[in-house]
Amino acid sequence: MPGEKVDLQPGSMNSITIPEIEGQLEKLSPDRLRVVYDFVSYLVERAQEPTEPLAVSDAFQTMLASEAVLREDWDSPEEDAAWAHL
570 MPGEKVDLQP GSMNSITIPE IEGQLEKLSP DRLRVVYDFV SYLVERAQEP
620 TEPLAVSDAF QTMLASEAVL REDWDSPEED AAWAHL
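According to our numbering, the sequence shown is numbered sequentially starting from 570.
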């Protein structure tokens, strides 16, 4: 909402309005505006995505479980020789 005060830190005296943000944006170059736009778009998208801690946790646990098995295959003199030229 234009003109509405937004608390930067809940419980603090710091607040800012949309027009104040717009005033600062008007001072930026087009390249800097693109960076700001990308960042704001990221924040909006992140706020709208449902979090899936179980899925992340499952993926992390799978990674940890597979690490030892992969180490057996990859941690060998043959593998070291195969990748030595890189």
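Ideal placement from N, C-alpha and C gives every residue a C-beta, glycine not left out.
Starting from residue i, follow the beta strand (DSSP E) in both directions and report where the run begins and ends.
i           : result
residue 610 : Unbroken run through residue 610 is the alpha helix (DSSP H), 599-617; no beta strand (DSSP E).
residue 584 : 584-586
Using DSSP with H/G/I as helix, E/B as strand and the rest coil, what is residue i?
i           : result
residue 635 : helix
residue 595 : coil
Please look up how many angstroms separate the CB atoms of residue i and residue j, rounded, as I've assumed it's under 8 Å.
i           : j           : result
residue 602 : residue 594 : 7 Å
residue 609 : residue 597 : About 13 Å separates the two Cβ atoms, so there is no contact after all.
Can you give me the start and stop residues for the alpha helix (DSSP H) that residue i sits inside?
i           : result
residue 650 : 646-652
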